[in-house]
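Chemist:
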Amino acid sequence: MDIIGLDRIAVLESVRVVGRAGAGDWDRPTPCDGWTLRTLVEHMGGQHLGFAAAARGEGADAAAWAHRAAGDDPAAWYRGTARAVLDAFARPGASEGRFALPEISTGTTFPGAVAMGFHFIDYVVHSWDAAVTLGLPLALPAEVLEAALPYALRVPDGPAREGPAAAFRPALPVADEGPLPRVLAALGRSPDWR
16 MDIIGLDRIA VLESVRVVGR AGAGDWDRPT PCDGWTLRTL VEHMGGQHLG FAAAARGEGA
76 DAAAWAHRAA GDDPAAWYRG TARAVLDAFA RPGASEGRFA LPEISTGTTF PGAVAMGFHF
136 IDYVVHSWDA AVTLGLPLAL PAEVLEAALP YALRVPDGPA REGPAAAFRP ALPVADEGPL
196 PRVLAALGRS PDWR
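Quick note: the sequence shown uses the numbering used here, first residue 16, plus one each step.
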C-alpha cells in the first residue's frame, strides 16, 4: 500500500474515534502532556489544514499552521479538516511535489511522499491518543501498524525530544513486541497509559 493509502486509513480512524466523543469528553486529559481531548483535536485539525496547504504549495505561509478553535462541535470541525487533507493528498501529483513544513524546517522543503509519511505516523499515534483517552480500542489494520513502525523508528531521539514544544517525548523501553506498542514507545508514549 502506498503512503497516500496508509495515511488515509490512519486519518479515517482518527475521524471515527473523535466522532465517538460526547459533550463531557472534551476536557479529558490525553497522553499528550497538558492537553485535553479538545486541545489534541484542535492540534490534529490544525495539522491537517497545514499539510493540506503544503500539498497545494502554500505551506510556507505561517497562517496555514496557525491554531484554530474547534468551536461548538469539535467532531464535525475535525471531520472537515480531515477531508481537506485527504482531498489535498489525493490530488494528482501531490506525492511528487515539494512540501514546505516550517514546523520541521524553514530552510528546506520535503518530497511529498516523505512529508506524507510524517503526517501518517502522526495520525497513527494521534488516533491512539484519542482512542485511549476515550477508552476505545484502536481499529487500525495490522499491515498499517507494521508499515508505521519503520517511520516511528526513523524519528530522531535525543535532547530535541525533551523540550516542552517537542512533537514526541524520548523513546521508552517496551516489553511487548507487537507493532503498535513498539510505535508508541519509539515516540515516547507509554502503551499502558490510562
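In this text, a Cβ means the ideal position worked out from N, Cα and C, and glycines have one as well. Just so it is clear, the structure is predicted and the values come from calculations on it, not from any experiment.
Hey, residue 63 and residue 97: beta-carbon distance below 8 Å or not?
Modeler: What you label residue 63 is simply residue 48 of the sequence shown in a count that begins at 1. What you label residue 97 is simply residue 82 of the sequence shown in a count that begins at 1. Taking 8 Å as the Cβ cut-off, residue 63 and residue 97 qualify as a contacting pair.
Chemist: My output table needs one value for residue 104: the three-state DSSP class, helix, strand or coil.
Modeler: Counted from its first residue, the sequence shown places residue 104 at position 89. Looking at residue 104 - three-state DSSP - the assignment turns out to be helix.
Chemist: Please classify residue 208: is it buried, with 16 or more other beta-carbons within 10 angstroms of its beta-carbon, or exposed?
Modeler: Numbered from its first residue, the sequence shown carries residue 208 at position 193. So residue 208 ends up on the exposed side.
Chemist: Name the DSSP bridge partner or partners of residue 126?
Modeler: Position 111 of the sequence shown, counting from 1, holds the residue named residue 126. Answer is 113, bridged to residue 126.
Chemist: Kindly indicate which three-state DSSP category residue 51 falls into: helix, strand or coil?
Modeler: Indexing the sequence shown from 1 puts residue 51 at position 36. Here residue 51 sits in strand by DSSP.
Chemist: Specify the secondary structure class of residue 152 as computed by DSSP and reduced to three states.
Modeler: Your numbering for residue 152 matches position 137 in the sequence shown. Three-state DSSP puts residue 152 in coil, outside helix and strand.
Chemist: Consult DSSP for residue 89 and reduce its assignment to one of helix, strand or coil.
Modeler: For the purposes of this step, residue 89 is taken as residue 74 along the sequence shown, with counting starting at 1. DSSP, read as helix, strand or coil, puts residue 89 in helix.
Chemist: Shortest alpha-carbon distance to residue 88 belongs to which of 35, 74 and 167?
Modeler: Locating residue 88 in the sequence shown gives position 73, counting from the first residue. Here the closest residue by C-alpha is 35.
Chemist: Using 8 Å as the threshold, is the region 115 to 133 in touch with the region 146 to 164, meaning 3 or more CB pairs across them?
Modeler: no
Chemist: First and last residue of the alpha helix (DSSP H) that includes residue 30?
Modeler: Position 15 of the sequence shown, counting from 1, holds the residue named residue 30. First-last of the alpha helix (DSSP H) with residue 30: 18 to 34.
Chemist: Which partner residues does residue 44 have in the DSSP bridge list?
Modeler: Translated into the one-based positions of the sequence shown, residue 44 becomes position 29. DSSP, once it has assigned bridges, lists 51 as partnering residue 44.
Chemist: Identify which residue in 60, 189 and 110 has its Cα closest to the Cα of residue 91.
Modeler: Locating residue 91 in the sequence shown gives position 76, counting from the first residue. Checking every option, the nearest Cα to that of residue 91 belongs to 60.
Chemist: The alpha helix (DSSP H) that contains residue 198, what's its start and end?
Modeler: Taking the sequence shown and counting its residues from 1, one reaches residue 198 at position 183. Its alpha helix (DSSP H) spans residues 194 to 201.
Chemist: Compare the Cα-Cα distances from residue 185 to each of 29, 173 and 127 and report the closest residue.
Modeler: Walking along the sequence shown from the start, residue 185 turns up at place 170. The option with the nearest alpha carbon to residue 185 is 173.
Chemist: In three-state terms, what does DSSP make of residue 82?
Modeler: Stepping through the sequence shown from its first residue, residue 82 is reached at position 67. When secondary structure is reduced to three states using DSSP, residue 82 falls in the coil class, being assigned neither helix nor strand.
Chemist: With burial defined as no fewer than 16 other Cβ atoms inside 10 Å of the residue's Cβ, what is the status of residue 141: buried or exposed?
Modeler: On the sequence shown, residue 141 is found 126 positions in, with the first residue counted as 1. So residue 141 ends up on the buried side.
Chemist: By Cβ distance below 6 Å, which residues in the same chain neighbour residue 1 in space, the five residues on each side in sequence not counted?
Modeler: For the chain, the structure presents residues 16 to 209; residue 1 sits outside this window and is missing.
Chemist: Taking only three categories from DSSP, how would you classify residue 191?
Modeler: Numbered from its first residue, the sequence shown carries residue 191 at position 176. Coil at residue 191, not helix or strand.
Chemist: Compare the beta carbon distance of residue 114 and residue 104 with 8 Å and say whether it is the shorter of the two.
Modeler: Counting from 1 along the sequence shown, the entry for residue 114 is found at position 99. Counting from 1 along the sequence shown, the entry for residue 104 is found at position 89. Not a contact, by the Cβ cut-off of 8 Å.
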